[in-house]
Structures are given as structure tokens and as C-alpha cells.
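J.:
Protein chains in written order, with the numbering used here: chain A, 1 to 377; chain B, 1001 to 1298.
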């Protein structure tokens, strides 16, 4: 067991990207719960710990997939990363600049470089504005183009996302879900950003349309050299588009690594359980075998120690309840187990890259013992 | 470019021309809207052109026709007890009644909507402060405030407008705030923020246009109440000068003669009713025209 990996409380446990475009360190976002008048004077304020100490980094032209169940804080994390929400603690760096406390004109400049695509393509478009007005807005706000030039740029953007020029003066309700999401993409693309944070951009769409939108996003990434933070609750969606993946549980990242690490050699019990729950075509797995039971605990009062312990199929003992495991590199550590045959979608021969990290007490323990306890074998 | 779309131009008095087109469409399609537009236009024209159209000076007294029957050719609606031509007084009265009715509600709407927008959008202590202030306004009997305002600033049309409109601030503030609270949760508000719009742009471009439907309805309902409120103030001697003709005042003055000359009261009353009806129909048409979804689903 390497000792130096334990002393990494201030810097990310796993340093993979030399000069990331976006880096979050120790990021937290707490929401104060609604309280009545008496609670305000008498009681302790309670907080929803939506994001509770997250370190992530996104490199240039890279896609970071962010996965987790509903309510794990991934949407909040996305909004903090895009500075739509102010972080409660931690720092955010973009292109080498500290953007944690940017305000006013400086924040507006950041908006030109970091854009957001939203989950609900109906709710994210103002019903009283035409598609053209919606996409033209960022061009106007940032003085990018006016008059004739703006019209040309609009036509160009619409063409780029697969819409027609005749769509410009239609209202959002006249479009299909997929088309609406294309408008959302065009709006994000209008300012020619470096980074787009996509918050479950395909969750609300039909499966056939999902593929179209993901392919469109990939094509745009190649063409414009975009970076993405791609948030999803579905691992199979993330698998297609991501370079690296971070798995979130109750406000914390429990496993992260290259896509091959996560899908070919998952090590955190939660990731393994999530992958296990993806339906398989060959029918090798029986349906009742789901390893995840119940709902995530409340983020107001998360479990002591490891947050996943209450639902963990590989619960280790008191240690899990006493101390909180830190995110540590998997490579060269004992306590790892062979990738379950059924989740092997991308072959890595069970080798981890040095970016692969998990937050679990099994790391450093006996691999044989874990093997014995493995609920999947 | 074949598209009629243009994000820069296409505005008349700040209103998008396609919305005006939609309004014309709605009016063409909908008989009720047509009636509303006709009534409102007719009364507004009568009010504006009263000096040209009225057969007599509304203040001029002529006691000869007092004995004449109501429906004579010289004074079609007869005269009041001071021998003033009723038709002329009604036409001039339209100016004050419509003016105070619309003006007071406009005053209440602008103030209230602004308060509601700010309170709902910012929430927190701003919301608490503004809405509790509105509650205080609401807790005072309207008439007391009106008496106080008139006592301080004196009689006059503008003071009546403010005194009457003051009572409607809380209605508009509450309605707007409620709408804003739900719209604030919509992702397009967040999207506007992510695009880089400032608070004011978000409030007026994204939030406000989506709150107008209930505000228009409330507006048209309150115009009626405002016209009656003006009548109340006039009746109490707190409105405009007693000799100035207003529908409310005419209605009140005619009360004494209701058994002998019923039309002196009934006609202004009917006019108030028809105006209110017309404004309501007009408001419905406006609301339909501005609701882009509704226009299409029909």
C-alpha cells in the first residue's frame, strides 16, 4: 500500500491531465433547507449536501462522462462547474484562471467560453421566443454578430445542427423533442465555446433520437475541438461519447478513470453494481439479481464513513462506517478483483491505467478475500 | 433569404409586428374579440373627441328644456336637474371615467408587476421585504388610503388615479410574484443566465413575457372596479370637482331622481357596464393573441 496517496487531501488523488481546461478542487455545494420562522431562530440550519468535495478535471477536446443515480448531485455539480450556481467551497479553474468567484463582466466573458445544454428541451426554450431569437440571443449578448452577418451565422448554426432555415421563425412547441434539443445545441454553439456542459442532454428523448443527438455532439466536438462534461444517469449512453468517466454517489465521486477502466475493469462496488444493472441481450443474467436495493440515503444527513455502505453489496465491516475512504489510484493496489465477465464491454485485460481511482476501503485489502465475497461470482 | 424572420427590426412601439398580426388574426376570427375592440374603440374615440362631438358645453345650464320630455330632438337624453345636457355630460364623463379607470389600473399594474417581478425573481430577504410591505398596504382599508392621499395632495384627476390605483398594487404584485416563482424554475431562465444575459434582461425578456396572461385578465377586471371606485370617491366629494362630469358622479347624482327620471342614473350605469364588458373582451383577445401556443392549437 503506497503511503503517498494518502496525503493527497488538497490535490486530486489522481493527476492525469497536465493542463486541464477545467479543474475543480474540493468542490462543495450545500443548499440550506427551507425552514420556518421558529427553526430559523431556534434550530440549527440543515443543509442538503448536493456536492460534497469533488475533484474533477476536463482536458481539451476531451469528454468527461459524469454518471450517477437521480439525486446524486450530478446536475448540481454540472451547474456549479458552469458557474450557474456558486460553489459553497472549493476552487474552480478554467484555462489556468481561477473562476471560483468571478462576477459581472468577467463572468460574462466566461459564459462565452463555457456553455450549457439542458436536460429538458421543452423547458429550456422560452415558449414565447422563436427558435431564431433563442439562438440569436448569445450572438447579441456577446456582440458577436449583427444584422446581415447575424442572419448568416444563424443560418449556418441551424444547418450545423441539422435544422433548416425555415425553422428560424417557428416557436419551440412546433418542434419535436429531438429538434428542440438541436436548438439548445445551436444556442450553446453560437458563442463558439471551448467547453460545453451537457446535463443529461438525451435523457428526455426517444432512444433512436438519442443516438442522433449523441452523434451530432461527437461530430461537433471533432469539428470545433470542444470539450464536454456529459452528465447522464445511464452508463451505456456515457460509454459511447466519453473519454473519461466519473461515477458519482451522494455528492461524491466514488470511481473515476478512463472509459476503458470503468467499463472494462470496474472496481468500486457501486460502479460494479451499476454496470451489473445494464440489461444484457444474451440473457445470461436473471432479472432479480439486481445488486442495488432501495434508494440512496438523504443527502441532508449522509451515512457516516463510506456513504455507500448502507447499500453496498460488498460491505467490509466497521471500517466502512468509521472512516470515509479517499479517492486513490487503483494501479498496483491489492483489494481489486477481476472484472466480472458480464460487464466487460471494453476489453482491458483487467489492467488499470494510472488515472483509475476509487474511493473504497477494499483498496489495500486482500484481493482473495474480496474475491470470495464478490456477489457477482 | 426567404425567411420573414428578423431579430432586429419588425417592431412597432416596441411590440413585435408578428404579435400585432396575431392580434389582428384573433380579432378577425373571434366575434367576441371583435365586439370588444369595437366597444373600446368607440368609447375611446367618444372620449377623445368629446369637445367636437358633444352637442353642448357640459357645464352650460339651460333651464328651458328642464320641462321638455327626455327624448327631444334638442337634448336627446334630456338634462340633469341643473339643466345641463346629459349626452354632452356623458361624453365628457367618458374622458374622466375611462381615463381614471385605465390610468389607475395602469398605475397599480406597473408598480405591482415591478414589485412582483423583483420579489419573485430574487427571493430571500428582498422577497420578504417587498411582499410584507405589500401585505401592509393590503391590510389598510382602501378608502382610508384614498382619503389620506387626497387629504395630502388635494383633489384632482391625477390624485384620484394614484389613490385608486394604489389599492391594486398588491393584486398585481401577488399575481406576478406567483407566476415568477414558477417560471423561475424553468430551465430557460437558467439557459438565459448561461448565455450571459444580465438580471434585468432575464427579468424582462424571459420571465415577464411569460407572466402576462393572468396580468391582462386581472387588468381588465380591475378597470371596472376602478371606474366604480372613482364614482365612490366622487360621491364622497374626494374625487374630481363635483361639477365635473364623470360616469360615477352622474350615476350618483341621478339617484335622487330615480323615480321621476330613471335614465339619468341608468344610462351612465349601462355605459359603465358596457365599457367593462368591452374591456374584458378586448383583454381576452389580447391574451389569446400573445399566447403563441394557443393561437396555434385552435
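The C-beta atom is built at its ideal place from N, Cα and C for all residues, glycine as well. Because the structure is a prediction, the values reported are computed rather than measured.
Could you tell me if residue 288 of chain A is buried or exposed, where buried requires 16 or more neighbouring beta carbons within 10 angstroms of its beta carbon?
T.: Against the first chain, residue 288 of chain A aligns to sequence position 288. Residue placement at residue 288 of chain A is poorly supported in this model, since its pLDDT is 47, which falls under 50; the coordinates are not used for a value here.
J.: Find the residues of chain B that neighbour residue 74 of chain A, judging by a C-beta separation of less than 7 Å, and give them in chain order.
T.: Locating residue 74 of chain A in the first chain gives position 74, counting from the first residue. What residue 74 of chain A touches in chain B: nothing, since even the nearest Cβ is about 15 Å away.
J.: Select from A:77, A:296, A:354, A:364 the residue whose C-alpha is nearest the C-alpha of residue 319 of chain A.
T.: Along the first chain, read from residue 1 onward, the residue named residue 319 of chain A stands at position 319. Here the closest residue by C-alpha is A:364.
J.: Sorted by chain position, which residues of the same chain lie with C-beta nearer than 8 Å to residue 159 of chain A's C-beta, five sequence neighbours on each side aside?
T.: Residue mapping note: residue 159 of chain A aligns to position 159 of the first chain, counting from 1. Here the set comprises 165.
J.: Select from the stretch 1179-1213 of chain B all residues with a C-beta closer than 7 Å to any C-beta belonging to chain A, and list them in chain order.
T.: Within the stretch 1179-1213 of chain B, the residues whose Cβ lies closer than 7 Å to some Cβ of chain A are 1186, 1187, 1188, 1190, 1191, 1193, 1194, 1195, 1196, 1197, 1206, 1209, 1210, listed in chain order.
J.: Could one say the Cβ of residue 125 of chain A lies closer than 8 Å to chain B's Cβ atoms, at least one of them?
T.: Translated into the one-based positions of the first chain, residue 125 of chain A becomes position 125. By this cut-off, residue 125 of chain A is an interface position.
J.: Tell whether a beta-carbon distance below 8 Å holds between residue 1242 of chain B and residue 1093 of chain B.
T.: Start at 1 with the first residue of the second chain, and residue 1242 of chain B comes out as number 242. Start at 1 with the first residue of the second chain, and residue 1093 of chain B comes out as number 93. No, the pair does not count as a contact, with Cβ atoms beyond the cut-off.
J.: When DSSP labels each residue in this structure, what does residue 224 of chain A get in the three-state scheme?
T.: Here residue 224 of chain A refers to the residue found at position 224 of the first chain. Residue 224 of chain A falls in the helix class under three-state DSSP.
J.: Can you tell me the Cα-Cα spacing of residue 1159 of chain B and residue 1167 of chain B, whole angstroms?
T.: Within the second chain, residue 1159 of chain B is the residue found at index 159, counting from 1. Within the second chain, residue 1167 of chain B is the residue found at index 167, counting from 1. Roughly 13 Å separates the two Cα atoms.
J.: Name the two residues that bound the continuous beta strand (DSSP E) containing residue 254 of chain A.
T.: Within the first chain, residue 254 of chain A is the residue found at index 254, counting from 1. Here the beta strand (DSSP E) through residue 254 of chain A covers 252-258.
J.: Can you say whether residue 1005 of chain B is buried or exposed, counting buried as having 16 or more other CB atoms within 10 angstroms of its CB?
T.: As a position in the second chain, residue 1005 of chain B is number 5, starting the count at 1. Reliability fails at residue 1005 of chain B, whose pLDDT of 45 lies under 50, so the model's placement of it is uncertain and no value is given.
J.: Looking only at its chain, what residues have a beta carbon closer than 7 Å to the beta carbon of residue 235 of chain A, apart from the 5 residues adjacent to it on each side?
T.: Reading the first chain from its first residue, position 235 is the one you call residue 235 of chain A. Within the same chain, residue 235 of chain A has close Cβ partners 67, 274, 275, 278.
J.: What is the DSSP secondary structure of residue 151 of chain A, reduced to helix, strand or coil?
T.: Along the first chain, read from residue 1 onward, the residue named residue 151 of chain A stands at position 151. Correct three-state label for residue 151 of chain A: helix.
J.: Hey, how far is the Cα of residue 198 of chain A from the Cα of residue 228 of chain A?
T.: Position 198 of the first chain holds residue 198 of chain A. Position 228 of the first chain holds residue 228 of chain A. Residue 198 of chain A and residue 228 of chain A: Cα-Cα distance of roughly 7 Å.
J.: Relative to the alpha-carbon of residue 81 of chain A, which residue among A:205, A:264, A:46, A:57 has its alpha-carbon at the smallest distance?
T.: In the first chain, counting from the first residue as 1, residue 81 of chain A sits at position 81. For the residues A:205, A:264, A:46, A:57, the minimum Cα distance to residue 81 of chain A belongs to A:57.
J.: Start and end of the beta strand (DSSP E) containing residue 94 of chain A?
T.: The residue you call residue 94 of chain A lines up with position 94 of the first chain. Per DSSP, residue 94 of chain A belongs to the beta strand (DSSP E) from 89-94.
J.: Where in the stretch 1133-1209 of chain B do unbroken runs of the beta strand (DSSP E), each at least 3 residues long, occur, reported from the N-terminal end onward?
T.: Here no run is fully enclosed.
J.: Does the distance from the C-beta atom of residue 256 of chain A to that of residue 357 of chain A stay below 8 Å?
T.: Within the first chain, numbered from 1, the residue matching residue 256 of chain A stands at position 256. Within the first chain, numbered from 1, the residue matching residue 357 of chain A stands at position 357. Taking 8 Å as the Cβ cut-off, residue 256 of chain A and residue 357 of chain A qualify as a contacting pair.
J.: Using beta-carbon positions only, say whether residue 78 of chain A and residue 238 of chain A come within less than 8 Å of one another.
T.: In the first chain, residue 78 of chain A corresponds to position 78, counting from 1. In the first chain, residue 238 of chain A corresponds to position 238, counting from 1. Contact flag unset, no.
J.: Determine the chain B residues that contact residue 138 of chain A at a beta-carbon separation under 7 Å, and present them in chain order.
T.: Start at 1 with the first residue of the first chain, and residue 138 of chain A comes out as number 138. Near residue 138 of chain A (Cβ distances below 7 Å), the residues of chain B are 1195, 1196.
J.: Taking 8 Å as the limit between beta carbons, can you name the residues of its chain near residue 177 of chain A, skipping five residues before and five after?
T.: Counted from its first residue, the first chain places residue 177 of chain A at position 177. Result list for residue 177 of chain A: 121, 122, 204, 205, 206, 209, in chain order.
J.: Could you compute how far the alpha carbon of residue 136 of chain A sits from the alpha carbon of residue 145 of chain A?
T.: In the first chain, counting from the first residue as 1, residue 136 of chain A sits at position 136. In the first chain, counting from the first residue as 1, residue 145 of chain A sits at position 145. Their Cα atoms are separated by approximately 9 Å.
J.: In whole angstroms, what separates the C-alpha of residue 1284 of chain B from that of residue 128 of chain A?
T.: In the second chain, residue 1284 of chain B corresponds to position 284, counting from 1. In the first chain, residue 128 of chain A corresponds to position 128, counting from 1. One C-alpha to the other measures close to 18 Å.
J.: Can you confirm whether residue 189 of chain A, when its beta carbon is compared against all beta carbons of chain B, has any partner nearer than 8 Å?
T.: The count along the first chain starts at 1 and reaches residue 189 of chain A at position 189. Closer than 8 Å: no.
J.: With C-beta atoms as the reference, is residue 310 of chain A less than 8 Å away from residue 297 of chain A?
T.: In the first chain, the residue the question calls residue 310 of chain A occupies position 310. In the first chain, the residue the question calls residue 297 of chain A occupies position 297. Cβ atoms of residue 310 of chain A and residue 297 of chain A: closer than 8 Å.
J.: Would residue 295 of chain A be called buried (16 or more neighbouring beta carbons within 10 Å of its own) or exposed?
T.: Translated into the one-based positions of the first chain, residue 295 of chain A becomes position 295. Exposed, because fewer than 16 other Cβ atoms sit within 10 Å of the Cβ of residue 295 of chain A.
J.: Residue range of the beta strand (DSSP E) that residue 246 of chain A falls in?
T.: One-based indexing of the first chain puts residue 246 of chain A at position 246. Taken as a continuous stretch (DSSP letters only), the beta strand (DSSP E) holding residue 246 of chain A covers 244-249.
J.: May I have the straight-line CA-CA distance separating residue 155 of chain A from residue 200 of chain A, to the nearest angstrom?
T.: Position 155 of the first chain, counting from 1, holds the residue named residue 155 of chain A. Position 200 of the first chain, counting from 1, holds the residue named residue 200 of chain A. Answer to the nearest angstrom: the Cα atoms are 26 Å apart.
J.: Roughly how many angstroms lie between the CA atoms of residue 330 of chain A and residue 370 of chain A, to the nearest whole one?
T.: By one-based count along the first chain, residue 330 of chain A stands at place 330. By one-based count along the first chain, residue 370 of chain A stands at place 370. About 15 Å.
J.: With DSSP collapsed to three states, give me the class of residue 24 of chain A.
T.: Taking the first residue of the first chain as position 1, residue 24 of chain A is located at position 24. The answer is strand: DSSP assigns residue 24 of chain A an E or B state.
J.: Any contact of the stretch 1252-1259 of chain B with the stretch 1149-1165 of chain B, i.e. 3+ C-beta pairs under 8 Å?
T.: The answer is no - the stretch 1149-1165 of chain B does not touch the stretch 1252-1259 of chain B, with fewer than three Cβ pairs under 8 Å.
J.: Using the C-alpha atoms, what's the distance from residue 321 of chain A back to residue 51 of chain A?
T.: For this step, residue 51 of chain A is matched to residue 51 along the first chain. For this step, residue 321 of chain A is matched to residue 321 along the first chain. If you take the alpha carbons of residue 51 of chain A and residue 321 of chain A, they lie about 20 Å apart.
J.: Would you tell me roughly how many angstroms separate the C-alpha atoms of residue 216 of chain A and residue 195 of chain A, rounded to the nearest one?
T.: Within the first chain, residue 216 of chain A is the residue found at index 216, counting from 1. Within the first chain, residue 195 of chain A is the residue found at index 195, counting from 1. Each residue's Cα considered, the two are about 16 Å apart.
J.: Per DSSP, which residues does residue 164 of chain A bridge with? Please list them.
T.: Counted from its first residue, the first chain places residue 164 of chain A at position 164. According to DSSP, which records beta bridges pairwise, residue 164 of chain A is partnered with nothing at all.
J.: Assuming residue 360 of chain A and residue 269 of chain A are in contact, meaning their beta carbons sit under 8 Å apart, how far apart are those beta carbons, in whole angstroms?
T.: Residue 360 of chain A sits at position 360 when you count from the first residue of the first chain. Residue 269 of chain A sits at position 269 when you count from the first residue of the first chain. With a Cβ gap of about 7 Å, residue 360 of chain A and residue 269 of chain A count as contacting.
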